[in-house]
Amino acid sequence: MKCSSCGQDLDKKSVIFKCPACGKKDIARCSHCRKLSIKYQCLCGYEGP
Ligand SMILES: [Zn+2]
Ligand SMILES: [Zn+2]
995 MKCSSCGQDL DKKSVIFKCP ACGKKDIARC SHCRKLSIKY QCLCGYEGP
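Per our numbering, the sequence shown starts with residue 995, numbered consecutively.
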């Protein structure tokens, strides 16, 4: 699985959670993107910090 924000492979500190808007898509974020609060976007159009 890859980070939804930067597309990099996930590392140990990555988090995976369901999209809060549609609840269907898994969002993955690497530690790098979490740290920098980089936005992610779900396929449903939801954008989050
Ligand atoms: Zn990332
Ligand atoms: Zn969604």
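Glycine residues also receive a C-beta, built at the ideal position from the N, C-alpha and C atoms.
DSSP, reduced to helix, strand and coil, places K996 within a strand of the structure shown. K1012 sits in a strand when the DSSP states are folded into three classes. With a cutoff of 9 Å on beta-carbon distance, I1010 and R1028 are scored as not near each other. With a beta-carbon spacing of about 4 Å, Y1034 and S998 fall inside the 8 Å limit used to define contacts. By the rule of a C-beta closer than 5 Å to any heavy atom of ligand 2, the residues picked out are C1013, A1015, C1016, K1019, C1036, C1038, Y1040.
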